[in-house]
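Chains as they are written, first to last, in the working numbering: chain A, 1181 to 1393; chain B, 1181 to 1393.
Let me begin by presenting the structure, written as structure tokens, before commenting on it.
Number of protein chains: 2
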Amino acid sequence: MKNIPQATVRRLSLYCRYLEQKEREEQAYISSQELGAGIGTNAAQVRKDLCFFDRFGTPGRGYPVGFLRRRLAAILGIKGQSWRVAVIGVGKLGGALVGYGGFNRQGFEFVALLDSDPDKRGRRYSGLVVEDSAGMETILKQREVDIAIVTVPAVVAQRVVDRVVVAGVRAVLNFAPTTINTPVGIQVRNVDLAVELEGLSFFLINTKQADHH
Amino acid sequence: MKNIPQATVRRLSLYCRYLEQKEREEQAYISSQELGAGIGTNAAQVRKDLCFFDRFGTPGRGYPVGFLRRRLAAILGIKGQSWRVAVIGVGKLGGALVGYGGFNRQGFEFVALLDSDPDKRGRRYSGLVVEDSAGMETILKQREVDIAIVTVPAVVAQRVVDRVVVAGVRAVLNFAPTTINTPVGIQVRNVDLAVELEGLSFFLINTKQADHH
């Protein structure tokens, strides 16, 4: 399963979420057309994405909603699986992420909060205390952290990720607006709010210009 | 400029950020190899992306760092341009976004905070007071909001975006974990933290399985 494109994995998450909704509405089967429309893609893409894994559909009836949802959750590793998460850099954004309840429900459990700022140490978020990031390597190893969420300033992000990788963490969700380099076998996902806002800015400025023609 | 792929626009943001760094380091020219490596792509991609707009490079010397950075900032609409932003749903995440200082520097100015929860109304974030979202359409129009950041629960997100669009806002940054449908001419960008975490989960579960072989 290692050669699945990231875009496919992303759509699997979206299918999963849409199927949850349909399950709540007690819909038994769903066509690839409907599933595609639900997440903004087409039927051919849905069939192609699901073919990476298995044959799920029944000709003429579509996919069984509950079964497909459970299979996708298992494929994504969010069913009967718990991931241990550390937040490094507990500023406003880091604190908000810990406080957001949605992750726990999906099997992501916060087990460590680290910050280099003495003023932030000792603060509590959802029952966890902010600890000194000087002890990062030891803490990440002892608590068997699977995923590090990095919300530190851009200038120190690479150094922080280097230390996270040394501590044996293989998955990083990076919010720092910079490019992070890691060795093979480590996955970094970037959530770059500035990039998204600039994308909207680009759209606005170009469609505005179009209005003047 | 309307047929530029979103992936290109995204890379323009990353080039811009990397060039800022090189400008601070007082580097005068940069090759497409170096610029590509800086953001994790290759020289051919850099040349292809920049060709959409203009000929920037000088054969044998590469691109002039400061000039290219300023041109890209202008293309992205983040130079000498200010965008008026409203946050709808001022929970933990919404509040953290307003408090984050980075956006202002790039020309994104918060002008309205709206929430339907009476308990949240009257709270202050960075000098702005949370107002009743019942008056959303009027407030968004009067303050000439360009971009709406939507951080409401998934079940109400579509309804909120429908109202935002009616109020004349054409760009939406959606944090609600759901698919939003909008008319042509409106751009929605999704920041889905659960999708990113599930992508990491998928990576961990599949590489773990690989370890057992």
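Ideal placement from N, C-alpha and C gives every residue a C-beta, glycine not left out.
Which residues bound the beta strand (DSSP E) around residue i?
i	result
Q1367/A	Q1367 to N1370
R1197/A	Per DSSP, R1197/A belongs to no beta strand (DSSP E); it is in the alpha helix (DSSP H), Q1186 to R1204.
D1312/A	L1308 to D1312
R1264/A	W1263 to I1268
Just confirm the distance between the C-beta atoms of residue i and residue j, as a whole number of angstroms; I'd bet it's less than 8 Å.
i	j	result
W1263/A	I1319/A	Going by Cβ atoms, the distance from W1263/A to I1319/A rounds to 17 Å, so no, they are not a contact pair.
A1374/B	A1356/B	About 10 Å; that fails the 8 Å criterion.
T1358/A	R1197/B	7 Å
V1371/A	V1371/B	6 Å
Suppose you measure from the CA of residue i to the CA of residue j; what does that come to, to the nearest Å?
i	j	result
V1394/A	V1270/B	In the structure as shown, chain A begins at 1181 and stops at 1393. Residue 1394/A is therefore absent and cannot be evaluated.
H1393/A	V1291/B	Legend: pLDDT at H1393/A = 36, less than 50; position of this residue unreliable, no value from coordinates given.
P1185/A	I1385/B	15 Å
G1220/B	R1301/B	44 Å
T1188/B	D1229/B	6 Å
A1208/A	R1249/A	11 Å
N1354/A	Q1261/A	22 Å
G1257/B	F1283/A	34 Å
S1296/B	P1244/A	37 Å
L1277/B	D1234/A	41 Å
D1391/B	L1199/B	Note that D1391/B scores a pLDDT of 46, beneath 50, so its modelled location is shaky; the value from the coordinates is reported in the next line. Each residue's alpha carbon lies about 40 Å from the other.
R1303/A	R1323/A	19 Å
R1350/B	V1325/B	9 Å
Q1286/A	G1242/B	47 Å
V1344/A	M1316/A	8 Å
D1312/A	P1298/A	7 Å
K1217/B	L1194/A	Looking at the sequence shown, residue 1217/B is not Lys but Ala. Straight-line Cα distance between these residues: approximately 31 Å.
A1224/A	G1240/A	15 Å
T1362/B	E1203/B	39 Å
Y1280/B	L1273/B	11 Å
V1335/A	I1360/A	11 Å
E1214/B	Q1213/A	44 Å
L1380/B	L1380/A	26 Å
I1366/B	V1346/B	11 Å
N1222/B	A1254/B	24 Å
S1211/A	F1288/A	31 Å
N1183/A	K1259/A	22 Å
G1348/B	K1321/A	51 Å
R1339/B	Q1201/B	41 Å
V1226/A	V1352/B	26 Å
A1314/A	A1314/B	47 Å
Could you give the first and the last residue of the continuous alpha helix (DSSP H) run that contains residue i?
i	result
F1247/B	V1245 to L1256
I1329/A	Taken as a continuous stretch (DSSP letters only), I1329/A belongs to no alpha helix (DSSP H), being part of the beta strand (DSSP E) at I1327 to V1330.
D1299/A	Element bounds for D1299/A: n/a, residue is neither H nor E.
I1219/B	S1212 to I1219
I1319/B	M1316 to Q1322
Q1225/B	A1223 to C1231
V1278/B	K1272 to G1279
Identify which residue in the options has its Cα closest to the Cα of residue i.
i	options	result
V1309/A	D1297/A, L1293/A, R1323/A and P1298/A	L1293/A
R1190/B	L1252/B, E1200/B and T1238/B	L1252/B
R1369/A	F1382/B, Q1367/B, R1369/B and T1331/B	F1382/B
E1205/B	L1192/B, R1304/B, G1246/B and V1352/B	G1246/B
S1306/A	G1275/A, K1321/A and T1387/A	G1275/A
L1377/B	V1267/A, R1227/A and V1364/A	V1267/A
V1364/B	V1346/A, A1347/A, T1387/A and I1366/A	T1387/A
A1265/A	I1329/A, L1215/A and N1222/A	For the sequence presented, residue 1265/A should be read as Val rather than Ala. Among I1329/A, L1215/A and N1222/A, the Cα nearest to that of V1265/A belongs to I1329/A.
C1231/A	I1210/A, F1288/A, R1339/A and L1192/A	L1192/A
> Which residues, in order along the segment 1238-1262 of chain A, keep a beta-carbon less than 8 Å from a beta-carbon of chain D?
Replying inline: Among the protein chains of the structure shown, namely A and B, there is no chain D.
> Which runs of the alpha helix (DSSP H), 4 residues or longer, sit entirely within the segment 1327-1357 of chain A?
Replying inline: 1334-1346
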